[in-house]
Amino acid sequence: MPAAPAPAMPAVPPNPQAAVSIRGLFKRFDRKIAVNGLALDIPIGSFYGLVGPNGAGKTTTLNMVTGLLVPDAGTAMILGRDVWSDVNTAKRMIGVMPQPDQIFDRLTGLQLLVYAGMLRGMSRDETMRRAKDLLNAFDLAQAANTMVTDYSAGMTKKICLASAMIHSPRILVLDEPFESVDPVSSANLKDILIEYARTGGTVIISSHVMSLVEKMCTHVAVINNGQVRAAGTVDEVAAGEDLEDRFLQLVGGRHEAAHLAWLDGGGPDDPARGQTGRPVDQPDAGSTGAPADGMRGER
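UniProt numbering numbers the first residue of the sequence shown as 1 and each following residue consecutively.
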């Protein structure tokens, strides 16, 4: 069966007053539709969470919004500018946190930040000044001359975020920023992001952790099968319920736990079990429970 055609552009135009305005975004990989006519407005100054199950289309959407992936149809605007009509200008307004496997980890932390700044067209002097400020802010000054490949997972996340912030973007786009990060580093990252949003920056994160989204974000969009199922403030989307429960209602997929008769908390070494793993007083299937003739006691 051929894949569905790209949807027609919607009548509602993009919102030029939004930090990000998406209309009719569509992307297909071979026969798989990853994003299917998605529309969304992200307000300036919001801390916006994109949530959805694996394969929902979150990362594909973010890649199209940030100019990393060309959409098959639709429009994405950054602060009133069409991303794909003026990619370079749009990219200068966005800071994208790279994944740890996408950075040059054979550079030191300082070298990586200087490289990121100069790649954005900044002067070496200004880049060096900001790099040192960021290393101090992220508690990485002592590791400035250490190669990133020797950083811990938390340190690597911090240097990745720092590299996304060095050109002072108006929008930060972060894909699973707290994954594999220890609680101390995670708290430090959260504080920096909250302060950035407080000063007028817009933060967009994708996450699977509902409690984090509920605590940190001002707004949230639930995405499933490449479409927005609900969007608005966290309170609006939660609709008086726990956000995780509301999320499960919107995306479905929760099943009653399968009953595994053998999974009852007692292992095969439990004294109450025989070598078969079943309780010692439970006969084998088909057994009458009586001892075999050759095993009867003498009378």
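Beta carbons: idealized from backbone N, C-alpha and C, even for Gly.
Measuring CA to CA, which of the options is closest to residue i?
{"i": "Val213", "options": "Met128, Glu176, Asn188, Gln249", "result": "Glu176"}
{"i": "Asp245", "options": "Met77, Ser211, Leu40, Lys190", "result": "Ser211"}
{"i": "Val20", "options": "Ile204, Ile194, Ser152", "result": "Ile204"}
{"i": "Phe29", "options": "Pro43, Thr60, Leu38", "result": "Thr60"}
{"i": "Asp41", "options": "His219, Phe247, Asp235", "result": "His219"}
{"i": "Ile159", "options": "Ile33, Arg120, Val114, Gly200", "result": "Val114"}
{"i": "Asp72", "options": "Ile78, Leu79, Trp84", "result": "Trp84"}
{"i": "Gln111", "options": "Gly95, Ser180, Thr146", "result": "Thr146"}
{"i": "Gly154", "options": "Leu140, Gly49, Gly45", "result": "Leu140"}
{"i": "Arg92", "options": "Asp150, Leu62, Thr66, Gln99", "result": "Thr66"}
{"i": "Thr233", "options": "Asn36, Gly37, Gly49", "result": "Gly49"}
{"i": "Val51", "options": "Ala231, Asp264, Ile166", "result": "Ala231"}
{"i": "Asp86", "options": "Asp101, Leu68, Lys58", "result": "Leu68"}
{"i": "Ala137", "options": "Phe178, Leu193, Thr149, Gly95", "result": "Leu193"}
{"i": "Gly252", "options": "Ala197, Asn224, Met165, Gln17", "result": "Asn224"}
{"i": "Met97", "options": "Met128, Asp182, Ala116, Pro53", "result": "Ala116"}
{"i": "Pro53", "options": "His208, Trp262, Pro14, His167", "result": "His208"}
{"i": "Thr127", "options": "Ser168, Thr156, Ser180", "result": "Ser168"}
{"i": "Arg229", "options": "Glu241, Met122, Gln249, Asp235", "result": "Gln249"}
{"i": "Leu174", "options": "Glu195, Gln99, Ile103", "result": "Gln99"}
{"i": "Ile44", "options": "Lys27, Ala221, Thr199", "result": "Thr199"}
{"i": "Val35", "options": "Gly74, Leu79, Met216, Val12", "result": "Gly74"}
{"i": "Val181", "options": "Tyr196, Thr202, Met165, Thr156", "result": "Thr156"}
{"i": "Ala238", "options": "Leu25, His259, Lys215", "result": "Lys215"}
Where does residue i sit, in a helix, a strand or coil, going by DSSP?
{"i": "Asp41", "result": "strand"}
{"i": "Arg246", "result": "helix"}
{"i": "Pro181", "result": "In the sequence on display, residue 181 carries Val and not Pro. Coil."}
{"i": "Arg229", "result": "strand"}
{"i": "Pro13", "result": "coil"}
{"i": "Asn188", "result": "helix"}
{"i": "Asp175", "result": "strand"}
{"i": "Asn145", "result": "coil"}
{"i": "Leu193", "result": "helix"}
{"i": "Leu134", "result": "helix"}
On the DSSP letters alone, give me the boundaries of the beta strand (DSSP E) that residue i sits inside.
{"i": "Met77", "result": "73–78"}
{"i": "Arg31", "result": "No beta strand (DSSP E) holds Arg31; DSSP gives it neither H nor E."}
{"i": "Ala90", "result": "Careful: Ala90 lies outside any beta strand (DSSP E), inside the alpha helix (DSSP H) at 87–92."}
{"i": "Asp101", "result": "Run containing Asp101: none; DSSP gives neither H nor E here."}
In terms of residue numbering, what span does the alpha helix (DSSP H) encompassing residue i cover?
{"i": "Phe47", "result": "No alpha helix (DSSP H) holds Phe47; the beta strand (DSSP E) holding it covers 47–51."}
{"i": "residue 311", "result": "No answer is possible for residue 311: the residues shown for the chain start at 1 and end at 299."}
{"i": "Ala153", "result": "153–165"}
{"i": "Val213", "result": "210–216"}
{"i": "Val65", "result": "58–65"}
Give the DSSP bridge partners of residue i, in chain order.
{"i": "Ser123", "result": "According to DSSP, which records beta bridges pairwise, Ser123 is partnered with nothing at all."}
{"i": "Ala239", "result": "None, per the DSSP bridge assignment."}
{"i": "Val20", "result": "Ile42, Ile78"}
{"i": "His219", "result": "Tyr48, Thr233"}
{"i": "Ser206", "result": "Leu50, Asp175"}
{"i": "Leu25", "result": "Leu38"}
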